[in-house]
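First comes the structure, then the notes that go with it.
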Amino acid sequence: QLPTEAELCAEYDVSRTVVREAVARLRSEGMVVPQQGRGMFVSETPAPRNFSIPDEALRTLPETIALLELRLSVEVESAGLCAERRTDKEARDIRAMMDE
4 QLPTEAELCA EYDVSRTVVR EAVARLRSEG MVVPQQGRGM FVSETPAPRN
54 FSIPDEALRT LPETIALLEL RLSVEVESAG LCAERRTDKE ARDIRAMMDE
């Protein structure tokens, strides 16, 4: 169980707004879950991590371009690996969805 908002504020010397924002981000990523009347708990089965890029990482054009280049290379390679490793059933399922 996470400490209360007040305890987190005191421990880290930050405002309630900062604590709420941090908890909201953890919750949106599936890392913590609220339990009515009990508080906030660390998720027993965390959500799979996605490849998200925080807004603060995109402050300058060169940083944005570098991250887009990274994303492009990862996504292209991932698509190729998926195509190589797919099963015949997966290929049929994909074709069927495309025909719909």
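Take any residue in the sequence shown, note its place counting from 1, add 3, and you have its number in the numbering used here. Glycine included, each C-beta is placed from N, C-alpha and C at the ideal position.
Non-local beta-carbon contacts of Pro37 in its own chain, meaning distances under 6 Å to residues more than five positions away in sequence, involve Met43 in chain order. Beyond the five residues adjoining it in sequence on each side, Pro6 comes within less than 8 Å, by CB distance, of Glu14 in the same chain, given in chain order. Judged by DSSP secondary structure, Pro37 falls within the beta strand (DSSP E) whose first and last residues are Val35 to Gln38.
For Val45, the three-state secondary structure derived from DSSP is strand. Separation of the CB atoms of Met34 and Ser46 is rounded to 6 Å, and the pair is thereby assigned contact status at 8 Å. Around the beta-carbon of Val79, fewer than 16 other beta-carbon atoms lie within 10 Å, marking it exposed.
Membership of Asp96 in the alpha helix (DSSP H) is indicated by the continuous run Asp91 to Asp102.
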